Structure formats: structure tokens, C-alpha cells
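>
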Amino acid sequence: MSYSLGLDIGSVTAKVALVAEDGGAVYFDTGKITASPRAAVASVISRLSEKFNLQEITTAGVSGPGSVAIPKELDWAEYSSSLAIASGLLHSHPDAKTIIQIGGQSSFVIALVDGLRKPWQVVSNPLCAAGTGRFLEQQAYRIGVTLEDFARLALECEGSPPRIAARCSVFAKTDLIHLQQKGVPMAAMLYALCESIARMVASLKKGFFEEPIYFVGGVAANSAMLKTLNETLSARNGYPVDVIVPGNYLYVEAIGSALLSRESGKSSKVIVPAEEDSKQRYYEMPKLEKVTQHDGWAAPRIEKPFTGYLGVDIGSTSTKAVIVDEFGTEVVAKNYLMTAGRPVEAIKDVFRNLLRDVGDNARIAGVGVTGSGRYLVGSFIGADLIRNEITAQTRAAAEIDAEADIIEIGGQDSKLVIKRNGIVVDYQMNKACAAGTGSFIDELAEQLGVRVQNGDFAGLAFEAPCTIDLGSRCAAFMGQSVASAQQEGVSLEVITASLANSIAGNYLSKVLGTRKLGDKVMLTGAVFYNDAIVSAFRRALEGKTILVAEHRDVSGAIGAALLAKEEMDGRASKFKGFEKVVDSDYKLSTFTCKRCDNNCAISRMEILDEKPTFYGSRCDLFDSTISREKMKTPFDERERLLLKDYREGEGTGPVVGIPRALMAYDYAPLLIGFLNALGAKVVFSSKTNNQIMGQAVELSYTDSCFPIKLLHGHAASLNNVDYILYPCVIRMGVKEGDENQKYACPLVQASPFIIREALG
5 MSYSLGLDIG SVTAKVALVA EDGGAVYFDT GKITASPRAA VASVISRLSE
55 KFNLQEITTA GVSGPGSVAI PKELDWAEYS SSLAIASGLL HSHPDAKTII
105 QIGGQSSFVI ALVDGLRKPW QVVSNPLCAA GTGRFLEQQA YRIGVTLEDF
155 ARLALECEGS PPRIAARCSV FAKTDLIHLQ QKGVPMAAML YALCESIARM
205 VASLKKGFFE EPIYFVGGVA ANSAMLKTLN ETLSARNGYP VDVIVPGNYL
255 YVEAIGSALL SRESGKSSKV IVPAEEDSKQ RYYEMPKLEK VTQHDGWAAP
305 RIEKPFTGYL GVDIGSTSTK AVIVDEFGTE VVAKNYLMTA GRPVEAIKDV
355 FRNLLRDVGD NARIAGVGVT GSGRYLVGSF IGADLIRNEI TAQTRAAAEI
405 DAEADIIEIG GQDSKLVIKR NGIVVDYQMN KACAAGTGSF IDELAEQLGV
455 RVQNGDFAGL AFEAPCTIDL GSRCAAFMGQ SVASAQQEGV SLEVITASLA
505 NSIAGNYLSK VLGTRKLGDK VMLTGAVFYN DAIVSAFRRA LEGKTILVAE
555 HRDVSGAIGA ALLAKEEMDG RASKFKGFEK VVDSDYKLST FTCKRCDNNC
605 AISRMEILDE KPTFYGSRCD LFDSTISREK MKTPFDERER LLLKDYREGE
655 GTGPVVGIPR ALMAYDYAPL LIGFLNALGA KVVFSSKTNN QIMGQAVELS
705 YTDSCFPIKL LHGHAASLNN VDYILYPCVI RMGVKEGDEN QKYACPLVQA
755 SPFIIREALG
């Protein structure tokens with residue numbers, strides 16, 4: 005008896021399939037990749053050797069990004085993932101026309117005409133992890149949901165789920181955080197995540213998805229993902245489709261590699277590979293210098309009543325609260341918990357813990373709230389003051405050193421405050437990208453199987469003999485860099501140390517940029533409890549005096565408490581009290597406001613015997629204190645003048661669509677007059693609405709400003725037209741003399757070509 009072995013080494017797992025002489029699969033196994041792909045391969049082949057004689061395996065094939073883990077001298081055949089997937093599925097399902105594969109860090113859409121006998125088409129996701137299992141896993145981990153519960157909870161979604169960006173995993177995460185802070189139910193967020201990935205996959209292929217359609221890869225186990233794929237592809241095709249998940253959906257690629265190797269007849273040697281023996285292709289840099297930060301604070305004993313001020317920082321990742329004494333000089337109690345996608349429940353849990361620490365001894369004279377969920381939670385607890393994170397962090401840092409510039413890294417964002425003579429002169433936050441933030445570190449550490457909170461990350465990093473350059477790119481691409489380093493056999497110690505350097509490098513290049521720091525810099529935020537990251541910043545900021553805040557995990561909450569103290573000035577606090585907040589029953593619901601084309605998703609919080617509170621509107625419709633009178637603005641007059649000659653559908657010639665965006669909008673009178681003179685029927689796209697914004701985000705591949713993205717949506721909305729007119733504008737105004745030129749932005753100059761490429 006002879007066998008053929010197939011091995012699929014992905015970015016997350018290694019899968020093995022053993023095929024007998026008749027082509028039937030007789031053995032399957034999988035191993036999670038943590039330290040290195042070579043270790044996972046050694047593990048699965050070792051288990052295989054316990055049940056089969058490896059000498060009876062005559063041919064072997066490998067595919068996937070980790071195929072370099074198989075030594076060349078073993079003579080294994082190498083295949084592309086797309087070929088192996090198609091071959092594996094067609095063996096058992098020769099009728100397949102479309103194959104959708106969603107794995108840990110990649111996704112494919114394969115369109116077949118006549119099996120593999122005629123030219124076939126394959127398209128894959130970009131290098132980042134958008135639309136893959138890794139992204140689903142990261143989000144589940146961040147909001148405290150196991151992958152086993154993910155699908156069940158998502159299928160409990162009722163009504164219309166919110167819309168989450170599909171093109172970029174980072175922007176999708178940002179959307180998710182905003183939904184959390186508005187109190188959107190967990191089931192709706194999880195279902196929206198599945199919908200976003202389904203739209204991402206659907207966008208990979210133009211035109212119809214021909215049936216039968218098969219769904220393979222690890223994500224095919226998610227029944228909510230299957231449902232959203234059916235809905236999305238049905239909408240794309242214009243009729244109901246039924247996506248099929250085959251029995252061996254997880255091992256299709258491994259089966260394909262085994263079958264292809266059998267067809268090739270190339271003899272291979274199968275042994276349990278050594279876990280080391282890897283040639284690194286990275287330039288080695290100096291190791292991290294070990295530093296140790298001591299947390300000397302101990303909660304004081306509370307034995308008698310006292311007056312204090314409460315500060316709350318409700319972030320996207322964690323929820324913090326502190327009580328400072330009446331003078332604002334001492335932290336009396338503090339608590340820190342993960343938000344886990346439930347901001348209201350998180351603050352109730354934090355208050356329960358504070359009650360345990362201070363009992364009924366605390367008389368709260370004022371409450372300040374900061375963080376991304378400040379409005380929702382501020383209303384719920386009865387806050388006296390609500391301030392943004394920059395203001396709160398600056399106030400807290402001033403209590404330690406009024407002159408020091410501030411570097412703060414939180415769960416989902418990073419902040420910079422530059423001061424001169426104690427006065428804030430500049431500040432900056434990271435863009436939408438989460439690279440180098442707390443959640444980013446936690447997710448990559450989880451990918452590596454390393455814990456951050458107990459010091460394992462720093463311990464491993466300080467053991468590394470050197471560091472390498474993993475880059476300081478987008479969070480999604482950093483995940484790919486880590487996976488590539490693992491596949492090259494870079495040790496876990498070196499990867500963790502190098503990640504610490506990347507976090508510092510990312511901050512300095514993306515947040516600090518060309519700004520100049522002063523002589524003293526304060527590091528704050530819970531990320532700086534990680535000694536390896538403190539060491540990396542000390543090296544990167546060599547020559548500066550580095551201060552590390554004592555209460556760096558709750559510095560934003562301290563700032564909010566101090567601001568509340570200064571604000572109250574003897575007034576009575578609106579705080580509802582710890583016990584009342586903990587015992588409060590509330591109901592969160594969402595609805596879509598149809599008052600205008602914005603179709604805002606409104607969140608409503610209802611508390612017994614209290615007036616409902618609304619969040620999420622772009623106007624003041626739900627604020628009863630605001631006058632409802634519609635006021636004319638200069639923009640209304642501009643709109644009227646630009647389109648005063650526009651008569652939709654007039655003319656006898658072809659229908660010409662014009663996107664209501666960028667230069668075409670500014671030059672509307674010229675374009676309308678030109679087309680009217682030619683007798684064409686002119687159709688402008690509608691005003692920007694949620695549907696156009698949704699299409700814009702899905703179609704836009706470039707990391708550009710939102711107006712450029714919006715152009716995609718406006719152009720795509722022009723369906724029933726013969727032509728789309730969008731001029732290429734390079735310069736405006738006079739043509740004489742370089743000093744008088746007014747050039748359009750390079751992206752605006754290129755926008756007609758970008759749109760043509762995006763819309764095909």
C-alpha cells in the first residue's frame with residue numbers, strides 16, 4: 005500500500021491530508037502555528053507517524069505561505085494555494101463553478117469554466133488580513149467572545165444590522181468600536197462583521213458568481229458567515245443562491261496537494277523535520293536593554309468617611325475609574341477592567357469593585373468622564389463634566405510634571421501632547437490605524453501564544469540576543485510581518501523584542517512625525533507596564549529625560565477627576581451614586597432615522613423613570629432644547645447657484661452621468677452648459693447618503709481622504725447612464741508662469757483613472 009501526503013501550511017494552522025492509491029483521503033490532522041511553522045509541521049507529521057509508516061508515503065506535496073518550512077532536500081512538490089484548492093475540491097465535486105476560500109490570513113475566489121481544462125480565474129485579498137479568519141478571531145478575542153460562540157450569537161441578530169467597512173480590517177475595527185460605544189447589541193455587531201467579510205469577498209470578483217458555489221477554509225465552519233455569503237451573493241446575482249460547504253472544507257487544499265503530487269509521480273521523502281535549522285533573512289540589530297518599572301502604589305485602608313472626586317475613562321478596550329481625595333493629591337481607589345464590547349456593563353462592574361474597596365465611606369463631590377464612550381456612560385452615571393482624552397491626559401500629567409511632553413498609548417489609539425513653558429502648543433492622535441496600540445499588541449501576542457499582562461512578553465523580549473526590523477506599518481500588515489518572520493524560523497524571543505521596537509518606531513513615525521519633543525517626555529497608558537516597550541522608547545528617545553507615570557493605567561481617569569474637582573466649585577454633583585448605577589436596569593435599542601438622506605443609525609438608552617437618551621445623530625433632532633427652525637446657510641446658496649441650470653433628463657441625446665463630487669461638482673455650471681449645448685441628457689448623482697458612503701468604502705482601495713473615497717460611491721451610483729463624464733483637472737486658473745499655477749491635488753488629478761480602474 006502506498007500513500008500520497010498533502011500539507012497546507014498557512015499563516016495560522018498547518019493541515020495534513022493522507023490520500024490512498026484510490027484517491028480517497030484516509031487521514032486528516034491540523035496543528036496551530038505559534039512559535040514557528042516548522043514546529044507545527046513537526047507536530048502533525050509526528051502524530052501521523054504514530055498511525056502510518058512514513059516509508060509507505062511515496063509522494064508528497066506542499067502549498068501555502070509556509071511551504072518554506074519543508075527542506076528542499078526532501079523533494080516535496082510545491083503548488084500554489086489556488087491550484088491545490090481547485091484540484092482538491094474538483095476531485096470530489098467536479099461540478100464546481102465557483103470556489104470561495106477564506107482561511108486564517110488569506111481569501112480566494114476561484115472561477116472555473118470546465119474544471120481545470122480551460123483557463124480559470126483566481127483573485128485574492130490584499131496582503132492585509134481584511135476579510136479573513138484572523139480578523140474574525142481578533143475581533144472575537146477583543147470583545148470577549150469565543151469563536152465557538154461567535155456564530156451562535158451572530159445568528160441571534162434581529163432587524164437590520166449596522167454596516168461595517170469591508171475593505172480594510174483596521175477601518176472595520178474602528179467601525180466596530182464606534183458601534184460598541186453607542187451601545188449596539190453584541191449580536192448585531194457580530195452579524196455585521198460577517199456581512200462585511202461577505203461583501204469583501206464578493207468585491208474580489210466582478211460580475212456574477214456562477215453556481216454551484218463551494219465555500220472552503222476554516223471560516224466555512226462559521227454558520228453566520230455562510231448565511232451572510234448566501235445573502236450577499238444572492239443580492240449580487242439578482243436571484244437566490246445556495247453556497248455549499250463540502251464535508252472536508254478545512255482540508256481541501258491539503259487534499260489537492262496530495263492528489264497533485266500523486267499525479268506528478270515525483271518521489272518524495274517524508275520525515276519528522278527538525279524544529280530549528282532555519283536561515284534567517286533579516287539584518288540583526290542590538291538587543292533591548294533590560295529595564296524594570298516598579299509599581300509601588302498600594303491602596304490605602306479606608307476606615308472612615310471621606311470626600312473625593314470620581315474620574316471615569318471609558319475606552320474602546322478598557323474601562324477605568326479612580327477616586328482622588330478632596331485635595332486631588334492622592335489616589336484613594338482605582339479599578340481597571342476590559343470593556344469587552346459592553347461599555348455600560350463594564351462601568352457597572354468597575355463600580356461594584358469600587359464599592360467593595362471604599363464601601364459607603366466615599367462622598368463623591370464631582371464626577372468627570374472621558375474616553376471614546378464618554379457620552380453614553382456620562383449620561384448613564386450622571387456625570388458633572390465630560391471631556392476629551394487629550395484634555396484629561398494633559399491635566400493628569402501636569403500634576404506630575406507640567407513641563408514634560410506626553411506620549412500616551414491606549415487600547416485603540418495613541419496620543420501626543422507637546423508643551424512649552426507648561427502650555428500645550430501642539431497635539432496629535434494616531435489616524436484610524438491601530439498599529440502600536442494596546443489592542444494591537446494583545447492581538448499579536450495572542451497570535452504568538454504569549455501573555456502580555458503577566459510579564460511573559462517582556463521576559464521573552466529581554467532574553468532575545470538581537471532584534472530585527474519588522475517594520476512600522478499598518479496593523480494589518482504588521483500581522484503579516486510577524487507571520488512571515490515565523491515562517492522564516494525567527495525565534496519567539498527575537499519577534500517579541502522586535503515588536504517592542506516596531507511599536508516605538510510606529511509611534512515616532514506615524515504620530516510624532518516631524519514634530520520636535522522637548523527635553524522631558526512622560527510615558528503614560530497601560531501599554532507602558534510592558535517593560536520591553538519602555539526599553540524600546542528609551543532607546544528611540546535617547547538623550548531625553550524619560551518619566552513613566554505611576555498610575556499610567558488610569559491617567560485619563562485621574563485627569564477627568566481633577567477636571568471635575570476644578571469645575572464643581574461647591575456645586576452639588578449630579579452623580580447618581582455607585583449603588584444606583586450598579587442596580588440600574590436599562591434597555592439599549594437602535595433604529596434608523598429617516599428624517600433625511602443621512603439615515604443615521606440612532607441608539608436609544610432607556611432607564612426606568614428617566615427620560616430616554618439618544619446617540620448617533622448628525623443633527624440635533626433628538627435634543628428637545630434645540631430650535632427646529634431650518635436655517636439657510638451659504639452652502640445652500642452655493643448649491644442653488646451650481647445647479648441652477650440642471651434639468652434632469654432634458655435633451656434628446658445619450659444619457660451622461662456626472663458624479664456629484666470633487667472637481668465635477670465645482671465645475672457643474674460649465675459641464676451642464678457644455679452637455680446641454682450638445683443635446684445630451686444630464687444626470688447628476690444624488691446627494692451623499694449612507695448607501696453612497698457604503699459603496700465608496702467598499703470600492704476604494706487607496707488610503708486617501710474621504711472626498712476621494714466618496715467619488716467612488718457617486719460614480720458607482722450612476723447606473724442607468726450611457727456615459728460618465730468626469731474630467732481630468734490638473735491645473736486651474738491662469739496658464740502663464742509657474743509661480744501663478746494652481747495645481748489640483750495629485751489624487752484629484754489621478755481620480756478619473758482611479759475610478760475607471762475601480763469600476764472596470
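With this note's numbering, letter number 461 in the sequence shown gets 465, and the count goes up by one each step, no holes. Every residue gets a Cβ at the ideal spot worked out from N, C-alpha and C, and that includes glycine. All values reported here derive from a predicted model rather than from experimental measurement.
Which same chain residues end up closer than 7 angstroms to residue 745 when comparing Cβ atoms and leaving out the 5 residues on each side of it in sequence?
735
> Residue 114: which of 328, 85, 142 and 276 sits nearest, CA to CA?
85
> Three or more C-beta pairs under 8 angstroms: does that hold for the region 487-500 against the region 549-560?
no
> Which parts of the region 31-117 are runs of the beta strand (DSSP E), unbroken and 3 residues or longer, counting only runs that do not cross its ends?
61-67, 81-83, 102-106 and 111-115
> Enumerate in chain order the residues of its own chain whose CB-to-CB distance from residue 650 is below 8 angstroms, with the five nearest sequence positions on each side excluded.
672, 676, 686 and 688
> Using the C-alpha atoms, what's the distance from residue 617 back to residue 630?
Annotation note: pLDDT 42 at residue 630 (below 50); position unreliable, no value reported.
> Using three-state DSSP, classify residue 596 as helix, strand or coil.
strand
> Beta-carbon separation of residue 390 and residue 382 under 7 angstroms?
yes
> Report the three-state DSSP secondary structure of residue 365 (helix, strand or coil).
DSSP places residue 365 in coil when its eight states are reduced to three.
> Who are residue 644's beta bridge partners in DSSP?
DSSP lists no partner for residue 644.
> Could you pull out every residue in the same chain whose Cβ sits closer than 6 angstroms to the Cβ of residue 655, ignoring the five residues on either side in sequence?
683, 684 and 685
> Can you tell me which of 45, 447 and 535 puts its alpha carbon nearest to the alpha carbon of residue 771?
The structure shown does not extend to residue 771, since the chain is modelled only from 5 to 764, so the question has no answer here.
> Distance check for residue 589 and residue 318, CA to CA, integer angstroms please.
The alpha-carbon atoms of residue 318 and residue 589 are separated by roughly 19 angstroms.
> Among the residues of its own chain, which have a CB less than 6 angstroms from the CB of residue 721, if the five just before and after it don't count?
689 and 696, listed in sequence order.
> Mark residue 755 as exposed unless 16 or more other C-beta atoms lie within 10 angstroms of its C-beta, in which case mark it buried.
Here residue 755 is buried, its C-beta having at least 16 other C-beta atoms within 10 Å.
> Who are residue 339's beta bridge partners in DSSP?
325
> Could you check how far apart the C-beta atoms of residue 101 and residue 235 are, in whole angstroms? I think they sit under 8 angstroms.
About 19 angstroms separates the two Cβ atoms, so there is no contact after all.
> Is DSSP giving residue 28 helix, strand or coil here?
coil
> Do you know how far the Cα of residue 364 is from the Cα of residue 325?
Taking the straight line from one Cα to the other gives about 17 angstroms.
> Check for me: the beta strand (DSSP E) holding residue 423 runs from which residue to which?
Note, residue 423: beta strand (DSSP E), 418-424.
> If you reduce the DSSP assignment to three classes, tell me which class residue 282 lands in.
Residue confidence is low: residue 282 scores 48 on pLDDT, short of 50, so the model does not pin down where it sits. No coordinate-derived value is stated.
> Please list, in chain order, all residues of the same chain as residue 220 whose beta carbon is under 6 angstroms from its beta carbon, the five residues on each side excluded.
Answer for residue 220: 105, 253 and 256, listed in chain order.
> Going by other Cβ atoms of all chains shown within 10 Å of its Cβ, with 16 needed for buried, is residue 494 buried or exposed?
By the 10 Å Cβ count, residue 494 comes out buried.
> Helix or strand or just coil, what does DSSP make of residue 240?
Of the three classes helix, strand and coil, the one that applies to residue 240 here is helix, per DSSP.
> Between 9, 379, 414 and 142, which lies nearest to residue 79 when the distance is taken from Cα to Cα?
Of the candidates 9, 379, 414 and 142, the one whose C-alpha sits nearest the C-alpha of residue 79 is 9.
> According to the neighbour-count rule (16 or more other Cβ atoms, all chains shown, within 10 Å of its Cβ), is residue 464 buried or exposed?
Answer is buried; the Cβ neighbour count reaches 16.
> Take every Cβ of the region 193-202, pair it with every Cβ of the region 227-244, and state whether three or more of those distances are shorter than 8 angstroms.
yes
> Taking contact to mean 3 or more Cβ pairs, one atom from each stretch, closer than 8 angstroms, check whether the region 331-340 and the region 577-595 are in contact.
no
> Measure the alpha-carbon distance for residue 40 versus residue 197 and round it to whole angstroms.
Their backbone Cα atoms lie some 29 angstroms apart in a straight line.
> Evaluate contact between the region 418-436 and the region 394-410, counting only Cβ atoms and requiring at least three cross-stretch pairs below 8 angstroms.
yes
> Could you tell me how far apart the beta carbons of residue 181 and residue 416 are, in whole angstroms, since I believe they sit closer than 8 angstroms?
Residue 181 to residue 416, Cβ: 6 angstroms. Contact.
> Start and end of the alpha helix (DSSP H) containing residue 398?
That run of the alpha helix (DSSP H) goes 393-402.
> Could you check whether residue 442 and residue 321 sit closer than 7 angstroms to each other, using their CB atoms as the reference points?
yes
> Using three-state DSSP, classify residue 270 as helix, strand or coil.
coil
> Between which two residues does the beta strand (DSSP E) containing residue 688 stretch?
685-688
> Taking residue 525 as the reference, which of 541, 108 and 533 has the closest Cα?
Measuring from the Cα of residue 525, the nearest candidate turns out to be 541.
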